[in-house]
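Encoded as structure tokens, the structure appears first; notes follow it.
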Amino acid sequence: MPEIKQYPNKLGLKGWVVGGKWGPERYLYTLHRVTGLGILLYFVMHIFVTATRSISQELWERTMAGVSGTFFLVGEYLVFVAFAFHALNGLRLALIELGVLTGPAEEPIYPYKSSLNVQRPYMVVMMILAAAVVLAGGYDFFIATGH
Amino acid sequence: MSSNNTRLWTWHVLAGLILVVLLGLHMFGMHLNDLFHLESLNPEGGSPIDWANVAARAQAIGQVVFYILFLGFALYHGLYGLRNILLELNPSEGMAKFISRGILIAGVILFAFGTWAAIAARSTALAAL
């Protein structure tokens, strides 16, 4: 029997930027992963930084003073922006995965309907919501200056 | 996808949905406080990271439970996502096992440390009263 050459069908990191015919959802796919990795990196550091509250008030205040200033404020805002995007895009993905946003499966009858066209309005709504959260965060971080 | 991977993936999706709520509450309490005035999360007024607010949150048993749940779901969701990304790079079978086990061990250690921190912070805050 001739040997069948198998392809792993996994593009790895290359697939993040050259995955085929691009639509807006493809950019969101890449952005979802980049923001996810950024949030994870921040979260692991956050666990250690906030653990200083368990030792003493003095150590907590010294640590907070060490991570204050414009650099950290802008960095923290970028994490907030990543959160807003990742959460709302992730909500869209989960609702699609669970079939909530796509409806029940139908028999394909010509002219075929693209599921992408069913999903796309939800993508637009989620991105508008994400932009609203990003703007609200910007007001709180830089204008209300409660930090 | 094997049934085990299907189960892990389903938990990843469910953890993500739970995190939208838990992380959303955390972000609104910490970073949208001036806009929404969530006084239950910052009872002493001022900045959410002022020690008085940190201690007030740390004392509340509900907050301790919230932090531990948040920690568990966030670590699972984040580390499982990282594992999937790394396994997509087509590592050898041995390397794939190493990645999976390494991430599992890192997750357990971080969860144990974060849980200790949440519980110890309550004791520290109560002792400072």
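Residue numbers (numbering that gives the first Met the number 0), protein chains in the order written: chain W, 0 to 146; chain F, 0 to 128.
Where is the CB? At the ideal position from N, CA and C, for every residue including glycine.
Please read all numbers here as calculations on a predicted model, not as lab measurements.
Buried or exposed (CB count within 10 angstroms, at least 16 for buried), residue i
i         : result
W:Leu-40  : exposed
W:Glu-75  : buried
W:Arg-61  : exposed
F:Leu-68  : exposed
F:Arg-6   : exposed
W:Phe-84  : buried
W:Trp-21  : exposed
W:Leu-12  : exposed
W:Pro-1   : exposed
F:Pro-47  : buried
W:Asn-116 : exposed
W:Thr-34  : buried
Cutoff 8 angstroms: residue i Cβ touching any chain F Cβ
i         : result
W:Ile-46  : yes
W:His-146 : For W:His-146, the pLDDT reaches just 48, beneath the cut-off of 50, and the residue's location in the model is therefore unreliable, leaving the point undetermined.
W:Val-133 : no
W:Gly-35  : yes
W:Met-16  : The question names Met, yet the displayed sequence has Val at residue 16 of chain W. No, no contact with chain F.
W:Leu-128 : no
W:Tyr-28  : no
W:Phe-70  : no
W:Val-117 : no
W:Leu-100 : no
W:Ala-104 : no
Within chain W, the residues that residue i reaches when beta carbons sit closer than 7 angstroms
i         : result
F:Trp-50  : Gln-56, Trp-59 and Glu-60
F:Ala-127 : Gln-56
F:Val-12  : Ala-93 and Glu-96
F:Leu-148 : The requested residue 148 of chain F does not occur in the structure, where chain F is confined to residues 0 to 128.
F:Ala-119 : Ser-53
Neighbour flag for residue i against chain W, beta carbons, 8 angstroms
i        : result
F:Leu-16 : yes
F:Ile-84 : yes
F:Leu-7  : no
F:Val-63 : no
F:Leu-88 : yes
F:Ala-57 : yes
Residue i: contacting residues in chain F (beta-carbon distance under 7 angstroms)
i         : result
W:Met-63  : Ile-48
W:Arg-25  : Result: empty, since nearest Cβ-Cβ is about 16 angstroms, beyond 7 angstroms.
W:Gly-136 : His-30 and Leu-31
W:Val-43  : Leu-109
Listed by chain order, chain F residues near residue i by CB distance under 8 angstroms
i         : result
W:Leu-147 : The structure shown does not extend to residue 147 of chain W, since chain W is modelled only from 0 through 146, so no value can be given for it.
W:Val-123 : Those do not exist, as W:Val-123 stays about 19 angstroms from chain F at its closest Cβ, beyond 8 angstroms.
Does the segment 98-111 of chain F come within contact of the segment 38-47 of chain F, defined as at least 3 CB pairs closer than 8 angstroms? no
Is it true that the segment 0-8 of chain F meets the segment 51-71 of chain W, where meeting means three or more beta-carbon pairs spaced less than 8 angstroms apart? no
Is the segment 51-67 of chain W close to the segment 109-124 of chain F, with three or more CB pairs under 8 angstroms? yes
Taking a cut of 9 angstroms between CB atoms, which residues from the segment 92-117 of chain F lie near chain C? No chain C appears in the structure shown, which is made up of the protein chains W and F.
Within the chosen definition, does the segment 124-136 of chain W reach the segment 100-111 of chain W through at least 3 CB pairs nearer than 8 angstroms? no
Cβ-based contacts, 7 angstroms cut-off: residues of the segment 78-92 of chain W near chain F: Phe-79, Phe-82, Ala-86, Gly-89 and Leu-90
Does the segment 109-120 of chain F come close enough to the segment 54-70 of chain F to have 3 or more Cβ pairs within less than 8 angstroms? yes
The segment 40-59 of chain F contacting the segment 78-98 of chain F, beta-carbon criterion three pairs below 8 angstroms: no
Taking contact to mean 3 or more Cβ pairs, one atom from each stretch, closer than 8 angstroms, check whether the segment 79-96 of chain W and the segment 22-35 of chain F are in contact. yes
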